[in-house]
Amino acid sequence: MFNLAYLVVLFPIAAFTLIVFVTRKYHRLSAWTAIAGIFGALAIAYGILLEALPQGAELLKHAFIAKINWLPLGQSSFTMGWLIDPLSVVTLAMVTTTCLMIFIYSIGYMRTHGEDDPRYARFFAYISLFATGMLGLVISSNLLQFFVFWEIMGLCSYLLIGFWSIRDAHEHHIDDAQVVRATNASKKAFLTTRIGDVLFFVGMIWIYIKVGTLDFDKIFDAKNLALLGNDITTLGLPAAAVIGFLLLGGTIGKSAQFPLHVWLPDAMEGPTPVSALIHAATMVAAGVYLIARMFPLFESPAAAPALAAVAMVGAFTALFAATIGLAQDDIKRVLAYSTISQLGYMVAALGIAAYAAGTFHLITHAFFKALLFLSAGSVIHGIGTNDMMKMGGLRKKMGITTIVFIIGAFALMGLPPFAGFWSKDEILAAAFEKLQRGDLSRARIARGDVDSARDPRAVRDVDRICRRAIFRRGLSSFCRGRKTRIQFYRGGNFRRRRGRGVGTRMVVVRFASVESGRARSVESFARACLDFVAQQIFRGRNLFRHDCACDDCVRRAQCRAG
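Counting from 1, position 364 in the sequence shown corresponds to residue 407 in the working numbering; the numbering is continuous, with no gaps.
Encoded structure:
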């Protein structure tokens, strides 16, 4: 079955081609063509998984690699092929499974489009190409092929996030504001991720200049890793470390890590199945997968500063995004910030060399985050709004959705026995083990000393990372639990009840979550607080007004305005 791994990519790309050139006028046929393509990829992926299971650790030592010459260039040539190892095997199974479920869900989601609407077929063509990009990236045997599929996903994200940027005459459910938001969000996502792509491309070119190849098996050869480690750049760092920083830049852009995280919350303007694809099976997972695939380079002693940067970026992003998520009321934006936080968790795990724990969380997160987004799509269709403050009591009307959403929320919160508990605790256990051994210290990592005696700064540095991760986990659990209660267990729909003060409860959390990220010291944070209060007073605003959407308050406001 390993020899047929290329079919994992050919099935969805064939579905894309058929939809574009043959079935685009028949929306049901287009949908089932896309599903057939991803189902074929699923069958091949699980065949590969069943063949790989008996081999166990042997496949890790001796990965299956098939290559064909693609582009001869002087005395060398660029190749294309597929690489089958434990990382690609489990990722293939995850991507195909979640994509198939999302594709099936999309049939019902897009049912409002008529027989003659070309957008229905176009949607399934786009998501088939999106799946092709991720599947091709997973099995790529070299960095050039990896980068080609990486860019295919970037193009598809632009097309799908801006899917509502053009409104037909009969689409009354799409207002002008949504068209503008979708257009701006797609441009923002495309341009922001390009920053990371440029850094990734520069790192790839640097590897080719120094090593003369882009094949993964040759890059990770001990001789080539030593060559990259011994080459000292003008920055005073080994080439391996500088390349690691550049590859980390690619991950920061694609996986929405700080400071390039800004595109992902706005990407929620696309259809909900697109959000599920981006957050679970494709796109943001690709950045984490890049670090996992290039991990032999990152874990080399010369690249230790880059690995330390990976841990710091991931740990900060995890806490930063979880804090912002507390102040969100849009159900999809809450899930978006939780995704950024979970991606930070994965990146931090890889940064502390917890390779198995980080990739394990990548797999488990894909399933429960897809579940949460698809459940959110069901809620949005039923209520007609994304605002969680206008929801309530949905467990009585949407019982099945309530059950599956709570299951996904429990997994996200890391409660036993759900999947998130095992993967998150594995990360924390790995960090604690490193702390006990004294393996993590900025000073020791910077000098590449991993065998010296325990450095006192290791305890302080890693203890801070562990406490930050534990606090982030509690913060995320509180946020997700509160939002779930608002949606499903608060009595009655918010629009049918007399309003309760939202501003009183949220003004402090909203302000602190935003301004604390900007503040560099306690003094600057206090000054920002005073400025904020002064602005509210001089503008005549009431800090404790309630943002109510009930009919009585709306009529009262209209009377005052009249």
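The C-beta atom is built at its ideal place from N, Cα and C for all residues, glycine as well.
Per DSSP, cross-strand counterpart(s) of Met44: Per DSSP, none; premise fails for Met44.
Are there 16 or more other CB atoms within 10 angstroms of the CB of His105, so buried, or fewer, so exposed? exposed
Can you tell me whether Val52 is buried or exposed? The criterion is at least 16 other CB atoms within 10 Å of its CB, across all chains shown. Classification for Val52: buried.
How many Å lie between Ile611 and Leu478 at the Cα? Beyond the ends of the chain as shown, which are 44 and 605, falls residue 611; an answer cannot be given.
Compare the Cα-Cα distances from Val422 to each of Gly436, Gln385, Leu455 and Ser73 and report the closest residue. Checked all of Gly436, Gln385, Leu455 and Ser73; the closest Cα to Val422 is Gly436.
Quick check for students: name the residue ranges of the alpha helix (DSSP H) that lie wholly in the segment 297–353, counting only runs of 4 or more. 306–309, 315–319, 327–336 and 338–341
Close beta carbons around Ile91, own chain, < 7 Å, minus the five adjacent residues each side: Met44, Phe45, Ala48, Ile127, Val132 and Leu135
Which of helix, strand or coil DSSP assigns to Ser184: coil
For Asp372, I'd like the list of residues in its chain whose CB is within less than 6 Å of its CB, leaving aside the five on either flank, ordered along the chain. Asp430, Met431 and Met432
Rounded straight-line distance, which links the Cα of Ala77 to that of Lys266: 45 Å
Beta-carbon separation of Phe189 and Phe244 under 9 Å? No.
Note down the Cα distance separating Leu303 from Gly239, rounded to an integer number of angstroms. 8 Å
From which residue to which residue does the alpha helix (DSSP H) around Pro129 run? Counting along the chain, Pro129 sits inside the alpha helix (DSSP H) bounded by residues Pro129 to Tyr152.
Taking all protein chains shown into account, do 16 or more other C-beta atoms lie within 10 angstroms of the C-beta of Arg548, making it buried, or fewer, making it exposed? Annotation note: pLDDT 33 at Arg548 (below 50); position unreliable, coordinate value reported separately. Exposed, since its Cβ has fewer than 16 Cβ neighbours within 10 Å.
Starting from the Cα of His70, find the closest Cα among Pro115, Leu116, Arg237 and Gly151 and give me that residue. Gly151
Around the Cβ of Asn273, are there at least 16 other Cβ atoms within 10 angstroms (buried) or fewer (exposed)? Result: exposed.
Cα-Cα separation between Ile87 and Leu278, rounded to whole angstroms: Taking the straight line joining both Cα atoms gives about 46 Å.
What three-state label does DSSP hand Leu102 in the structure shown? helix
With a CB to CB cut of under 8 Å and the five nearest residues on each side skipped, what residues in its chain are close to Ala323? Short of 8 Å from the beta carbon of Ala323, and not among the five residues preceding or following it, lie these beta carbons of its own chain, in chain order: Thr141, Ile145, His408, Ala409, Phe410, Lys412, Ala413 and Phe416.
Phe301 vs Phe341 beta-carbon contact at 9 Å: With respect to the 9 Å criterion, Phe301 and Phe341 are not classified as neighbours on the basis of their beta carbons.
Considering only residues of the same chain and omitting the five flanking positions on each side of Phe581, which have a CB-CB separation below 7 Å? Its pLDDT being 42, under 50, Phe581 is placed unreliably by the model, and the measurement read from it follows with that caveat. The answer is none, since no qualifying residue turns up.
Once DSSP output is grouped into helix, strand and coil, what is the label at Thr402? In the three-state reduction of the DSSP assignment, Thr402 falls in the helix class, which pools H, G and I.
Just tell me which of Ile170, Ile367, Gly117 and Val63 has its CA closest to the CA of Ile81. Ile170
On a Cα-Cα basis, can you pick out the residue from Trp306, Leu405, Val447 and Gly425 that is closest to Tyr380? Trp306
Out of Ala399, Met355, Ser200 and Val285, state which residue places its alpha-carbon closest to the alpha-carbon of Pro344. Minimum Cα distance to Pro344 is reached at Val285.
For a quick check, are the C-beta atoms of Leu291 and Ile334 less than 9 Å apart? At the C-beta level, Leu291 and Ile334 come within 9 Å of one another.
Apply the 10 Å Cβ neighbour rule to Pro314 and answer buried if 16 or more other Cβ atoms are within range, or exposed otherwise. Pro314 comes out buried.
For Lys231, which of Ala365, Leu198 and Met355 has the nearest alpha-carbon? Leu198
Thr428, DSSP secondary structure in three states: coil
Can you find the residues in the same chain that come closer than 8 Å, C-beta to C-beta, to Ala462, ignoring five residues on each side of it along the sequence? Thr407, Phe410, Phe411 and Ala454
Phe243 in three-state terms, based on DSSP: helix
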